[in-house]
Amino acid sequence: PEVTPEPQAEPTPEPEITPEPEITPEPTPVGSTTEFIVTFAASNQWGKGPVGGARLVPVLENAIGQVAEVAIKQGDTAVVLQRKGGSWELKSRDGYPAAAAKVRTLLVALGQAELVEPKTNRADKYPVLELEDPAGKGAKSRLVTLTDAKGNTIAEAVLGKTRSDGFGIGKTSGTYVRRPGNPQTWL
């Protein structure tokens with residue numbers, strides 16, 4: 014039998030590769046970018062904003078170890094925590110042991126608390142922020158007094174309502190506060 018050679022296909026030409034045109038980005042004016050960032054940061058209601066300021070209890074940063082008693086008063090109710098050696102107890106509950114870690118957390122939080130935003134200084138508006146006189150009947154505010162071993166007051170603060178959206182959605186909450194004897198309230 015006779016074998017016929019298979020027909021050879023003609024070679025396909027290689028496709029011509031053309032280089033991509035070089036794309037050069039347009040220069041962005043630095044001034045307009047900076048203005049955009051500053052404008053966005055200033056108007057961003059979900060950001061933390063100008064968090065930070067004067068401390069609520071500035072003396073506490075260096076005096077935490079000197080605190081011998083923490084008194085929390087609200088209306089007719091008072092809770093008094095007393096340091097005994099390296100532990101804490103509820104003085105107002107016949108020496109019942111208190112969680113030292115929780116007392117320390119309270120003291121550190123008070124020492125680190127910052128006055129972020131001034132609010133009202135009108136006493137007639139205090140109840141809205143739950144910063145009315147803590148000794149008053151039905152008061153929602155709490156007076157926190159820290160004293161040393163000799164009974165000297167180290168610091169005092171009136172704590173009011175907590176604002177969970179104080180710094181935007183998903184951010185840290187804030188608490189309305191004021192210092193006794195000072196009409197200015199703060200978040």
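In my numbering, the protein residues as written are 14 to 200.
Beta carbons are placed, not taken as given, at the ideal position from N, Cα and C, and that holds for glycine.
Run of the beta strand (DSSP E) containing residue i, from where it starts to where it stops
{"i": "Gly86", "result": "In the sequence under discussion, the amino acid at residue 86 is Lys, which differs from the Gly named in the question. Taken as a continuous stretch (DSSP letters only), the beta strand (DSSP E) holding Lys86 covers Glu82 to Gln87."}
{"i": "Gln95", "result": "Thr90 to Lys97"}
{"i": "Leu159", "result": "Arg155 to Thr160"}
{"i": "Leu142", "result": "Leu142 -> not in any beta strand (DSSP E); alpha helix (DSSP H) instead, spanning Tyr139 to Leu142."}
Neighbourhood of residue i by C-beta distance below 6 angstroms, restricted to the same chain and skipping five residues each side
{"i": "Ser100", "result": "Ala113"}
{"i": "Gln95", "result": "Glu82, Glu102 and Lys104"}
Secondary structure of residue i, DSSP reduced to three states
{"i": "Pro131", "result": "strand"}
{"i": "Ser105", "result": "helix"}
{"i": "Glu74", "result": "helix"}
{"i": "Ala152", "result": "coil"}
{"i": "Ala168", "result": "strand"}
Classification of residue i by the beta-carbon crowding that lies within 10 angstroms, buried from 16 upward
{"i": "Ala136", "result": "exposed"}
{"i": "Ser154", "result": "buried"}
{"i": "Val121", "result": "exposed"}
{"i": "Glu74", "result": "exposed"}
{"i": "Arg117", "result": "exposed"}
Beta-carbon proximity list for residue i, same chain, < 8 angstroms, skipping 5 on both sides
{"i": "Tyr202", "result": "The structure shown does not extend to residue 202, since the chain is modelled only from 14 through 200, so no value can be given for it."}
{"i": "Thr166", "result": "Thr158, Leu159 and Thr160"}
{"i": "Leu69", "result": "Leu123, Ala126, Glu127, Leu128, Ala170, Val190, Arg192 and Trp199"}
Reference residue i; option with closest CA among the options
{"i": "Lys150", "options": "Pro71, Gln87, Val70 and Ile77", "result": "Gln87"}
{"i": "Asp146", "options": "Gly98, Asp89, Pro71 and Val80", "result": "Asp89"}
N-terminal and C-terminal residue of the alpha helix (DSSP H) that residue i is part of
{"i": "Lys115", "result": "Ala113 to Gln125"}
Residues near residue i in its chain [Cβ-Cβ closer than 7 angstroms; skip 5 each side]
{"i": "Gly194", "result": "none"}
{"i": "Ala111", "result": "Leu94, Trp101, Glu102 and Leu103"}
The ligand GTP heavy atom lying under 7 angstroms from the CB of residue i
{"i": "Glu130", "result": "For the ligand GTP, the structure offers nothing, since it holds no ligand at all."}
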